[in-house]
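Asker: Below are the structure tokens for one structure; questions will follow.
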DNA sequence: GGCTTTCTATACCGCTTAGTACATAAGACT
DNA sequence: AGTCTTATGTACTAAGCGGTATAGAAAGCC
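Chains as they are written, first to last, in my numbering: chain G, 1 to 203; chain W, 204 to 406.
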């Protein structure tokens, strides 16, 4: 028979679901960070053995990057959507509320994977760290551009410091992740969001 | 002869300065985090051998705690002083500017040791993590109490949400530490501080 | 049936980690 | 002197790390 649905048709078929295993790996990395997650942790959570992991994903670093891609695709989708909101106020409102929803989900780990990973830093994780920092900076620049546009549209005051506002939004999001990772309650995070939103200058 | 100045008088005298060695250990922990700092890193930076370290400080965890005490005593002194400022506005202004000065010192490592350590988290660092979280929460509560006092003095609006404002200040400080650790420039951090200060409600 | 190809499992590699035994060196006390 | 106490340097341990060699098992193709 020919092979229609499955990509690989020759050889022994894989006995586990790659996406499912990657999702399990993501949770481990999310909770423990890149260096804190050992191969033993990962293989146990994924339900596969070490050679299977290497055959399917390459190595630990490649696995982390694929898990990070999945994380950004699924858990950080609200960021891209928020930037499309019509006014700058709605942009930051969606950013803050999206982050709040993600942090108070209940069944998901707390904290933000981008931030957790970018701070730890043993000697071998340096390239991971650089990658995470670059990804965060890219988001920051996208927000900056969006706020610049808002300013030119009269949506923000003429004397607004876009860089400062941008750093401000980033700081609130990062602070929320830190506080959520430190066991802050839902009410505390909601208070943070409401207070910060109340301070936003635009209409 | 009797022993006047030095505490231990019997036995072979120590050949290194304990405070100096602790300061060197602090820098290593500060840069690399608890788990990222290996005993080899530490002993090399401190200029002592492994058994000397264990004789003088106990073990790696005890050394970290002593280094953390030193860090809070020397580098976080501005926090305690800031709380004594006469108005809530001046309190947060001193907090923000103190953090900014610490992050842009130039000869000091970037980022905040409390935050760096509390996020990494391998299996053995769990008690360290809990300790760091507790210390941060204690500072947070002190700020909360100070803002509550400001509210009762009419220094903050009657409808101000003290918990929200407190979480806000913490988020800015945490976000600043994250951004400084990610290589943000001095201008960016200054813009963050000015923008955030401009949003503070009280007079 | 054989052959090829791919996945799985056990068992291992070299390396680094935190922590320590042991012998020696150096000061203080009698 | 001699002894006691403590610090030092070398060399070691057991355990964990990321990564892999090798052999067997399971599918498609001829």
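Think of the CB as a built atom: it goes at the ideal place given N, C-alpha and C, for glycine as much as any other residue. Predicted model, so just to flag it, every value in this text is computed and none were measured.
Just to check my reading of the structure: residue 100(G) and residue 197(G) have Cβ atoms closer than 8 Å, yes? What is that Cβ distance to the nearest angstrom?
Answerer: The residue you call residue 100(G) lines up with position 100 of the first chain. The residue you call residue 197(G) lines up with position 197 of the first chain. The pair is not a contact, with the Cβ atoms about 10 Å apart (cut-off 8 Å).
Asker: Helix, strand or coil for residue 166(G), going by three-state DSSP, please let me know.
Answerer: Looking up residue 166(G) in the first chain gives position 166. Of the three classes helix, strand and coil, the one that applies to residue 166(G) here is helix, per DSSP.
Asker: For residue 162(W), which residues in chain G fall below 8 Å Cβ to Cβ?
Answerer: No statement about residue 162(W) is possible, as the shown extent of chain W runs from 204 to 406 and does not include it.
Asker: Return the CA-CA distance between residue 209(W) and residue 273(W), expressed in angstroms with no decimal places.
Answerer: Along the second chain, read from residue 1 onward, the residue named residue 209(W) stands at position 6. Along the second chain, read from residue 1 onward, the residue named residue 273(W) stands at position 70. Only weak support exists for where residue 209(W) lies, its pLDDT of 44 falling under 50; the coordinates are left without a value.
Asker: Take residue 228(W) as the anchor and find which of 336(W), 248(W), 333(W), 294(W) has the nearest alpha-carbon.
Answerer: Looking up residue 228(W) in the second chain gives position 25. Considering only alpha carbons, the answer is 248(W).
Asker: Three or more C-beta pairs under 8 Å: does that hold for the segment 307–317 of chain W against the segment 224–243 of chain W?
Answerer: Touching, yes, given that three or more Cβ pairs across the two stretches are closer than 8 Å.
Asker: Which residue spans inside the segment 310–392 of chain W form an unbroken alpha helix (DSSP H) run of at least 4?
Answerer: Runs found: 316–322, 329–355, 365–384.
Asker: Can you find a C-beta in chain G that's less than 8 Å from the C-beta of residue 331(W)?
Answerer: On the second chain, position 128 is the one that residue 331(W) refers to. Not an interface residue.
Asker: Quick check on the burial criterion: 16 or more other C-beta atoms within 10 angstroms. Buried or exposed for residue 147(G)?
Answerer: The sequence position of residue 147(G) within the first chain is 147, counting from 1. Residue 147(G) comes out buried.
Asker: Using a cut-off of 7 Å between C-beta atoms, extract the partners of residue 371(W) located in chain G.
Answerer: For the purposes of this step, residue 371(W) is identified with residue 168 of the second chain, where counting begins at 1. Neighbours of residue 371(W) on chain G, chain order: 192, 195, 196.
Asker: Whole-angstrom Cβ separation of residue 66(G) and residue 39(G), contact assumed at under 8 Å?
Answerer: Here the question's residue 66(G) lines up with position 66 in the first chain. Here the question's residue 39(G) lines up with position 39 in the first chain. That pair is no contact at about 15 Å.
Asker: Could you list which residues in chain W have their beta carbon closer than 7 Å to that of residue 188(G), in chain order?
Answerer: The count along the first chain starts at 1 and reaches residue 188(G) at position 188. Chain W residues near residue 188(G): 366, 370.
Asker: Does the beta carbon of residue 136(G) sit closer than 8 Å to a beta carbon anywhere in chain W?
Answerer: Here residue 136(G) refers to the residue found at position 136 when the first chain is read from its first residue. So, interface residue.
Asker: With a threshold of 6 Å on Cβ separation, who are the neighbours of residue 104(G) within its own chain once the five nearest residues in sequence on each side are excluded?
Answerer: Counting from one through the first chain, the residue named residue 104(G) turns up at place 104. Result list for residue 104(G): 186, in chain order.
Asker: To which residues of the same chain is residue 68(G) closer than 6 Å at the C-beta, ignoring the five residues directly before and after it?
Answerer: Sequence index remark: in the first chain, residue 68(G) carries index 68 (1-based). Taken in chain order, the list of residues that qualify is empty.
Asker: Note the first and the last residue of the continuous alpha helix (DSSP H) segment covering residue 31(G).
Answerer: Position 31 of the first chain, counted from the first residue, corresponds to residue 31(G). Start and end: 18–36.
Asker: Compare the Cα-Cα distances from residue 178(G) to each of 60(G), 51(G), 119(G), 64(G) and report the closest residue.
Answerer: One-based indexing of the first chain puts residue 178(G) at position 178. Answer by Cα proximity: 119(G).
Asker: Any Cβ of chain W within less than 8 Å of the Cβ of residue 75(G)?
Answerer: Translated into the one-based positions of the first chain, residue 75(G) becomes position 75. No, residue 75(G) lies away from the interface with chain W (no Cβ there is under 8 Å from its Cβ).
Asker: Do residue 395(W) and residue 64(G) have their beta-carbon atoms positioned less than 8 Å apart in this structure?
Answerer: Position 64 of the first chain holds residue 64(G). Position 192 of the second chain holds residue 395(W). Taking 8 Å as the Cβ cut-off, residue 64(G) and residue 395(W) do not qualify as a contacting pair.
Asker: What does residue 113(G) reach in chain W if we use C-beta pairs closer than 8 Å?
Answerer: Against the first chain, residue 113(G) aligns to sequence position 113. Residues of chain W passing the Cβ test: none, with the nearest at roughly 11 Å.
Asker: Helix, strand or coil: which one does DSSP assign to residue 404(W)?
Answerer: Mapped onto the second chain, residue 404(W) falls at position 201. Looking at residue 404(W) - three-state DSSP - the assignment turns out to be coil, as it is neither helix nor strand.
Asker: Quick one: list the residues of chain G neighbouring residue 322(W), beta-carbon separation under 8 Å, in chain order.
Answerer: Position 119 of the second chain, counting from 1, holds the residue named residue 322(W). Within 8 Å Cβ-Cβ: 33, 111, 115, 116, 119, 120, 178, 181.
Asker: Taking the straight line between their C-alpha atoms, what separation do you get for residue 404(W) and residue 398(W)?
Answerer: Here residue 404(W) is taken as the residue at index 201 of the second chain, counted from 1. Here residue 398(W) is taken as the residue at index 195 of the second chain, counted from 1. Each residue's Cα considered, the two are about 13 Å apart.
Asker: Using CA coordinates, which residue listed in 332(W), 326(W), 384(W) is at the minimum distance from residue 312(W)?
Answerer: The sequence position of residue 312(W) within the second chain is 109, counting from 1. When each option's Cα is compared against that of residue 312(W), the closest is 384(W).
Asker: Between which two residues does the alpha helix (DSSP H) carrying residue 69(G) extend?
Answerer: On the first chain, position 69 is the one that residue 69(G) refers to. Unbroken alpha helix (DSSP H) run through residue 69(G): 60–74.
Asker: Does residue 204(W) come within less than 8 Å of chain G when only Cβ atoms are used?
Answerer: As a first step, residue 204(W) is located in the second chain; it is residue number 1 there, counting from the start. Residue placement at residue 204(W) cannot be trusted, given a pLDDT of 44 that sits under 50; what the coordinates show is reported in the next sentence. For residue 204(W), the answer is no, since every Cβ of chain G falls outside 8 Å of its Cβ.
Asker: Apart from the five residues on each side of it in sequence, which residues of its chain come closer than 6 Å, Cβ to Cβ, to residue 386(W)?
Answerer: Locating residue 386(W) in the second chain gives position 183, where the first residue counts as 1. Excluding sequence neighbours, residue 386(W) sits near nothing in its chain.
Asker: Nearest by alpha-carbon distance to residue 15(G): which of 51(G), 36(G), 93(G), 35(G) is it?
Answerer: Indexing the first chain from 1 puts residue 15(G) at position 15. Residue 51(G) is the option with its Cα nearest to residue 15(G).
Asker: Are three or more beta carbon pairs between the segment 363–378 of chain W and the segment 336–352 of chain W nearer than 8 Å?
Answerer: Yes: at least three Cβ pairs fall under 8 Å.
Asker: Of all the CB atoms in chain G, is at least one closer than 8 Å to the CB of residue 249(W)?
Answerer: In the second chain, counting from the first residue as 1, residue 249(W) sits at position 46. With 8 Å as the cut-off, residue 249(W) does not count as an interface residue toward chain G.
Asker: Since residue 288(W) is in the alpha helix (DSSP H), which residue starts that stretch and which ends it?
Answerer: Position 85 of the second chain, counted from the first residue, corresponds to residue 288(W). Here residue 288(W) belongs to no alpha helix (DSSP H), and DSSP marks it neither H nor E.
Asker: Got a sec? Which residues, its chain only, sit under 8 Å from residue 347(W) by beta carbon, not counting five neighbours each side?
Answerer: Against the second chain, residue 347(W) aligns to sequence position 144. Counting only Cβ-Cβ distances below 8 Å, and skipping sequence neighbours, we find 365, 366, 369.
Asker: Within the same chain, show all residues whose beta-carbon is closer than 8 Å to that of residue 150(G), passing over the 5 residues directly before and after it, in chain order.
Answerer: As a position in the first chain, residue 150(G) is number 150, starting the count at 1. Once the five neighbours on either side are set aside, the close Cβ partners of residue 150(G) are 87, 88, 91, 156, 202.
Asker: Should residue 405(W) be flagged as near chain G, meaning a C-beta pair shorter than 8 Å?
Answerer: Taking the second chain and counting its residues from 1, one reaches residue 405(W) at position 202. For residue 405(W), the answer is no, since every Cβ of chain G falls outside 8 Å of its Cβ.
Asker: Measuring CA to CA, which of 59(G), 95(G), 35(G) is closest to residue 75(G)?
Answerer: As a working mapping, residue 75(G) is identified with position 75 in the first chain. Residue 75(G) has its Cα closest to that of 95(G), out of 59(G), 95(G), 35(G).
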